[in-house]
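**Student:** Taken in order, these protein sequences are the chains called A, B, C and D. My numbering numbers the first residue of the first sequence as 233 and each following residue consecutively. My numbering numbers the first residue of the second sequence as 149 and each following residue consecutively. My numbering numbers the first residue of the third sequence as 214 and each following residue consecutively. My numbering numbers the first residue of the fourth sequence as 12 and each following residue consecutively. Where a beta carbon is used, it is the ideal one built from N, C-alpha and C, also for glycine.
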Amino acid sequence: MPKIIIAQNKCKGCELCILTCPKKNIRLSQKMNKKGFHYIEIIDPDKCNACGLCFQVCPDVAIEIWK
Amino acid sequence: MTTKRLMKGNEALGEGAIQAGCGAYFGYPITPQNELTEYMSRRMLEENRVFIQSESELAAINMVFGASVAGARAMTSSSSPGVSLKQEGLSYMAGCELPGLVVNVQRGGPGLGNISGSQADYFQAVKGGGHGDYHLIVLTPGSVQELYEMPALAFSLSEKYRTPAMILTDGILAQMQEPMEAVKIDTTRDENRDWILDGCKGRAPRKIRSLLMEEGALEAHNRHLQDKYNLIKTQEQRYQLINEQAEIMLVAYGISARVCYTAIQEANKKGAKLGLLRPLTVWPFPEKILQELALKVKAFLVVELNAGQMVEDVKLAVNGKTPVHFYGRAGGACVTPGEILKEIEKI
Amino acid sequence: MKKLFSKPESLTDTDHKYCPGCGHGIVHRLVAEVIDELGIREKTIGIAPVGCAVFAYDYWNFDVTEASHGRPPAVATGIKRFLPDRVVFTYQGDGDLAAIGMAETIHAANRGENITVIFINNAIYGMTTGQMAPTSLLGMKTTTSPFGRDPKLAGYPIRVGELLSTLEGTTFLARCAVDSAKHVLDAKKAIKKAFEVQLAGKGYSMVEILSQCPPNWKKSVPESLEYVRKEMMSYFPLGVIKDKTKA
Amino acid sequence: MREELIIAGFGGQGIMFTGTLLSQAAMIEGKFVTYFPSYGAEVRGGTANCCVTIDDTTIGSPVIINPDSLLILNKPSLDRFKPRLKKGGLLVLNSTLIEDEVKETDAKVVRLPATDIAERSGQIRVANIVALGKYLAIRKIVNQESVLQALEALLTGKKKELLGLNRKALITGYEYK
Chain A
233 MPKIIIAQNK
243 CKGCELCILT
253 CPKKNIRLSQ
263 KMNKKGFHYI
273 EIIDPDKCNA
283 CGLCFQVCPD
293 VAIEIWK
Chain B
149 MTTKRLMKGN
159 EALGEGAIQA
169 GCGAYFGYPI
179 TPQNELTEYM
189 SRRMLEENRV
199 FIQSESELAA
209 INMVFGASVA
219 GARAMTSSSS
229 PGVSLKQEGL
239 SYMAGCELPG
249 LVVNVQRGGP
259 GLGNISGSQA
269 DYFQAVKGGG
279 HGDYHLIVLT
289 PGSVQELYEM
299 PALAFSLSEK
309 YRTPAMILTD
319 GILAQMQEPM
329 EAVKIDTTRD
339 ENRDWILDGC
349 KGRAPRKIRS
359 LLMEEGALEA
369 HNRHLQDKYN
379 LIKTQEQRYQ
389 LINEQAEIML
399 VAYGISARVC
409 YTAIQEANKK
419 GAKLGLLRPL
429 TVWPFPEKIL
439 QELALKVKAF
449 LVVELNAGQM
459 VEDVKLAVNG
469 KTPVHFYGRA
479 GGACVTPGEI
489 LKEIEKI
Chain C
214 MKKLFSKPES
224 LTDTDHKYCP
234 GCGHGIVHRL
244 VAEVIDELGI
254 REKTIGIAPV
264 GCAVFAYDYW
274 NFDVTEASHG
284 RPPAVATGIK
294 RFLPDRVVFT
304 YQGDGDLAAI
314 GMAETIHAAN
324 RGENITVIFI
334 NNAIYGMTTG
344 QMAPTSLLGM
354 KTTTSPFGRD
364 PKLAGYPIRV
374 GELLSTLEGT
384 TFLARCAVDS
394 AKHVLDAKKA
404 IKKAFEVQLA
414 GKGYSMVEIL
424 SQCPPNWKKS
434 VPESLEYVRK
444 EMMSYFPLGV
454 IKDKTKA
Chain D
12 MREELIIAGF
22 GGQGIMFTGT
32 LLSQAAMIEG
42 KFVTYFPSYG
52 AEVRGGTANC
62 CVTIDDTTIG
72 SPVIINPDSL
82 LILNKPSLDR
92 FKPRLKKGGL
102 LVLNSTLIED
112 EVKETDAKVV
122 RLPATDIAER
132 SGQIRVANIV
142 ALGKYLAIRK
152 IVNQESVLQA
162 LEALLTGKKK
172 ELLGLNRKAL
182 ITGYEYK
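Below, the structure is given as structure tokens:
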């Protein structure tokens, strides 16, 4: 199971990763970060195969992926 | 046998800059400074240094900006209309505290004007020229010899205070030839240039910028700049004084100072005692000596090839203590010794 | 466990001030990754423009200088000519590169300056909040073309890559986009190639990147991605425009 | 003793070279000298002129208002500069191209068919040097030897082959009666 670290305070909730994820495994959190954005969260960590496409499209380098 | 060489002002200035270690020169053609760009196009390549004929004056000053960022003694030259185009870059260099040398071989203006020698860009040179609160260090050579020697001083002051310098000359001095001695030029540089960008190997990355959006940051930066300018004002006022005891003191720089000198020679033949204060820096303006002279002389006569610009700085320095008169001719016309002597009679 | 995807060393940890969904952040990271991969961080000097990327020097973890609006190619020329063994690149938007700085752009390219230009084309002036750019598409509504860009009034959008391709001095020119993960990866390849051209001393390289600007386009992020794909790409086709290294 | 000389003629008549040559000779003799040319667009195809001031003390202005001498190689230059000549000044003019009688009571006028002489000596382009020779024969402001040395200093590289021609022209001018 990959480890996905989301820098919640860097995320601006632009949803580029949500639109990109082939597994439709990312969504916006109900909670807001310090900047007032709903940040992203992984729906089911077990479903993630660490393809990294979310990282590729993230303008704010808010996603880090370990495996 | 003399060791002197007959040299054109423009070329002497170029050779002086090369001897002073100019590492990069960028220029664009405009009369009456063309011989300088032409001279550099040959000599800089002979010396294996950087020369580019740029696509515009804007490009030239920004190439100077870049070369200066990279640590070069960088230089550009132009004449009045071209120097107007360089004001943007000069403001940025002042804001970023970058050294560099700009030469203005002044010609008649405004607009395209003409190509005759002029001193009509004095305000532009000493009052900033571009946007923002800043000053250039402005040097005013008065002979081909000084055109050769002043680039070294300009580079060194510019680096010492990390602010761009200007050599303010004119079409007559730049075009004339006279014998000059290729004296040895001191090229010592301050080695501690801990601000240049040459790659961050073995150190933290650096940035060069003048954009300061954080609250209070720009005001603090401006205070720092003003402190620096005040230091330059106290340390670097330069001038030449001829006939200190004279009752009437002419004040002129560059070519008009030379015409004044001829007027003094003629007046002396008739027994009249005239003096001359010749600023070698017009920013910082030699106000200390003017304040001293104001208590001794009967009157000042400021002579310029413009409608009256430096006279304002003389009046500010003299501060009403002594009458300050003005004589000038504008539009590329040159004052004559006879005209100056006539003005003296009126005082 | 191994780090698979993370912030490259050539990026600082500073938060970007860009709007949500903006392509600038992606391209900043791509440039940083390429610089890391080529091992040139300690000999690279970047030039930030005037425009949205004006603060780029806060985001990159190597030497960066500002330049006045449109003049990065001239500043780059000054640096590179004096320090030819360093890596020098400019990062410019469409207003900076193709309007106020077009003369500097063309002449640096024509001289074959051995520099790399990263050109963000989002068809609008972002920092000044949405005026018409030289690359704004026909019919595009901006704050200074409220009725849509009319060629009779404002001419046509400039295809910079194709324009520069006619100059003998240019070596590598490509157009990419950052609307999708695939295009992002393509863009990285092009950026890497551009820097490699410079490292090999082969001359001028430029990568134009079509980028979305949701707030100034008055579109949602998905809508703006659609606009890039449908409208921009049909006028500004993606691909390598010129590659002299293959000749 | 100050000498202020204006040299004037067509662009292409070697006006600037004449002034530089004289300045070089003065420098060789350790004199103070300034040379100031007309320049830029006005020179091409039009009239060219230059100011040479020679003195044994520091020279102020290089711009000459009222010259002590005029060396004039064409008609338009005569019209332009004659009114500025000092009273009792010297006017050397190229009579090949200036047919006018100069009725001037308070100037010393020397007419010299410089262009004819130059053409006869084989090169029409050295009329300027012929005229300079004549001027120096009258106003002995520098020695002939210094001018010959100056020619060697200025005519270098490819121009070296013109040395003999210029020497001859200078001496012919000197000796012209």
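Cβ of Glu-414(B) within 7 Å of Cβ of Pro-485(B)?
**Tutor:** Going by C-beta atoms, Glu-414(B) is nearer than 7 Å to Pro-485(B).
**Student:** Could you give the C-beta distance for Val-286(B) and Gly-157(B), rounded to a whole number, given that I count them as a contact under 8 Å?
**Tutor:** Between Gly-157(B) and Val-286(B) the Cβ distance is about 17 Å, and since that is not below 8 Å, they are no contact.
**Student:** Closer than 7 Å, CB to CB, is Ile-166(B) near chain C or not?
**Tutor:** No, because no Cβ of chain C sits closer than 7 Å to the Cβ of Ile-166(B).
**Student:** Taking 7 Å as the CB-CB cut-off, is Asn-461(C) touching chain B?
**Tutor:** Lying before the first or after the last residue shown, residue 461(C) is absent from chain C, which here runs from 214 to 460.
**Student:** Any C-beta of chain C sitting closer than 7 Å to the C-beta of Asn-210(B)?
**Tutor:** Judged by the 7 Å Cβ criterion, Asn-210(B) is in contact with chain C.
**Student:** Which residues does DSSP list as the beta-bridge partners of Gly-423(B)?
**Tutor:** Bridge partners of Gly-423(B): Met-397(B).
**Student:** Give every residue of the same chain whose Cβ lies closer than 8 Å to the Cβ of Met-149(B), excluding the five residues on either side of it in the sequence, and list them in chain order.
**Tutor:** A caution first: Met-149(B) carries a pLDDT of 43, below 50, which makes its placement in the model unreliable, though a value can still be read off. None.
**Student:** Which whole runs of the alpha helix (DSSP H) in the segment 280-366 of chain B are 4 residues long or more, in chain order?
**Tutor:** With a minimum length of 4 residues, the continuous alpha helix (DSSP H) runs that stay inside the segment 280-366 of chain B are 292-309, 319-323.
**Student:** Can you tell which of Glu-186(B), Arg-337(B), Gln-439(B), Glu-326(B) has its C-alpha closest to the C-alpha of Arg-310(B)?
**Tutor:** Ranking the options by Cα distance to Arg-310(B), first place goes to Arg-337(B).
**Student:** Ile-331(C) and Thr-303(C) look like a contact to me (Cβ under 8 Å); what is the Cβ gap, rounded to whole Å?
**Tutor:** Indeed, because the Cβ distance is near 7 Å, the residues count as touching under 8 Å.
**Student:** Using only alpha-carbon positions, find the residue among Val-445(B), Ser-225(B), Pro-427(B) that is nearest to Lys-421(B).
**Tutor:** Of Val-445(B), Ser-225(B), Pro-427(B), the residue nearest in Cα terms is Val-445(B).
**Student:** Quick one: which unbroken alpha helix (DSSP H) runs of 4-plus residues sit fully inside the segment 113-179 of chain D? Chain order, please.
**Tutor:** Runs of the alpha helix (DSSP H) inside the segment 113-179 of chain D: 125-131, 138-149, 155-165.
**Student:** Return the first residue and the last residue of the beta strand (DSSP E) that Leu-217(C) is part of.
**Tutor:** 216-218 is the extent of the beta strand (DSSP E) around Leu-217(C).
**Student:** If you count every other CB in all the chains shown that lies within 10 Å of the CB of Glu-381(C), and 16 or more means buried, which is it?
**Tutor:** So Glu-381(C) counts as exposed.
**Student:** With a threshold of 7 Å between beta-carbons, can Thr-167(D) be considered close to chain B, or not?
**Tutor:** Cβ-Cβ to chain B under 7 Å: no for Thr-167(D).
**Student:** Could you check which residue in Arg-386(B), Pro-432(B), Cys-348(B), Thr-382(B) has the C-alpha nearest to that of Val-301(C)?
**Tutor:** Here the closest residue by C-alpha is Cys-348(B).
**Student:** Taking a Cβ distance cut-off of 9 Å, strictly less, list which residues of the segment 94-108 of chain D are near chain B, in chain order.
**Tutor:** Against chain B - using a Cβ distance shorter than 9 Å - the segment 94-108 of chain D contributes no residues.
**Student:** Can you tell me whether Asp-309(C) is buried or exposed, with buried defined as 16 or more other CB within 10 angstroms of its CB?
**Tutor:** Counting Cβ neighbours within 10 Å, Asp-309(C) comes out buried, since at least 16 surround it.
**Student:** By Cβ distance, which residues of its chain are closer than 6 Å to Lys-401(C), with the 5 residues on each side in sequence left out?
**Tutor:** For Lys-401(C), where only same-chain residues beyond five positions count, the Cβ hits under 6 Å are Leu-243.
**Student:** Find the nearest neighbour of Asn-340(B) within the set Gly-219(B), Phe-474(B), Leu-184(B), judged by alpha-carbon distance.
**Tutor:** Measuring from the Cα of Asn-340(B), the nearest candidate turns out to be Gly-219(B).
**Student:** Considering only heavy atoms of the ligand SAM, does any lie closer than 6 Å to the CB of Gln-155(D)?
**Tutor:** The model on display carries no ligand, and the ligand SAM is accordingly not part of it.
**Student:** For the alpha helix (DSSP H) holding Trp-430(C), just list the boundary residues, first then last.
**Tutor:** Segment 427-430, the alpha helix (DSSP H) holding Trp-430(C).
**Student:** Give the single residue among Leu-321(B), Ala-242(B), Asp-461(B), Ser-216(B) whose Cα lies nearest to the Cα of Ser-72(D).
**Tutor:** Taking only the C-alpha atoms, the option nearest Ser-72(D) is Leu-321(B).
**Student:** Mind checking whether Leu-316(B) and Thr-288(B) have CB atoms under 7 Å apart?
**Tutor:** It is a contact, given that the beta carbons lie within the stated cut-off.
**Student:** If the cut is a Cβ gap below 8 Å, which residues of chain B does Met-12(D) touch?
**Tutor:** Under the 8 Å cutoff, chain B gives no residues; its nearest Cβ is about 13 Å from Met-12(D).
**Student:** If contact means a Cβ-Cβ distance below 8 Å, which residues of the segment 241-253 of chain B contact chain C?
**Tutor:** Hits within the stretch, in order: Cys-244.
**Student:** Interface residues of chain B around Lys-256(C) at Cβ under 7 Å?
**Tutor:** Near Lys-256(C) (Cβ distances below 7 Å), the residues of chain B are Gly-347, Lys-349.
**Student:** Beta-carbon within less than 8 Å of Ser-204(B)'s beta-carbon, same chain only, minus the 5 sequence neighbours each way: which residues are those?
**Tutor:** Around Ser-204(B): Tyr-176, Leu-233.
**Student:** For Leu-147(D), which of Lys-98(D), Gly-168(D), Tyr-187(D) has the nearest alpha-carbon?
**Tutor:** Checked all of Lys-98(D), Gly-168(D), Tyr-187(D); the closest Cα to Leu-147(D) is Tyr-187(D).
**Student:** What in chain G is Cβ-close to His-237(C), meaning under 8 Å?
**Tutor:** Considering every chain present, this structure includes no chain G. Its protein chains are A, B, C and D.
**Student:** I'd like to know whether the C-beta of Ile-275(A) is nearer than 7 Å to at least one C-beta of chain C.
**Tutor:** Output row for Ile-275(A): interface = no.
**Student:** Classify Val-301(C) as helix, strand or coil using the three-state DSSP reduction.
**Tutor:** Note: Val-301(C) maps to strand in three-state DSSP.
**Student:** In angstroms, rounded to a whole number, what distance separates the CA positions of Ala-254(A) and Ile-313(C)?
**Tutor:** It is Pro, not Ala, that sits at residue 254(A) in the sequence shown. Answer to the nearest angstrom: the Cα atoms are 42 Å apart.
**Student:** For Cys-482(B), decide whether its Cβ has a neighbour in chain D, counting only Cβ atoms nearer than 7 Å.
**Tutor:** Yes, contact with chain D.
**Student:** Under 7 Å between the Cβ atoms of Thr-329(C) and Ser-418(C)?
**Tutor:** Taking 7 Å as the Cβ cut-off, Thr-329(C) and Ser-418(C) qualify as a contacting pair.
**Student:** So, at 7 Å on beta carbons, what are the nonlocal neighbours of Ile-344(B) in its own chain, with the 5 sequence-adjacent residues on each side left out?
**Tutor:** Cβ neighbours of Ile-344(B) beyond the five flanking positions: Val-217, Ala-218, Gly-219.
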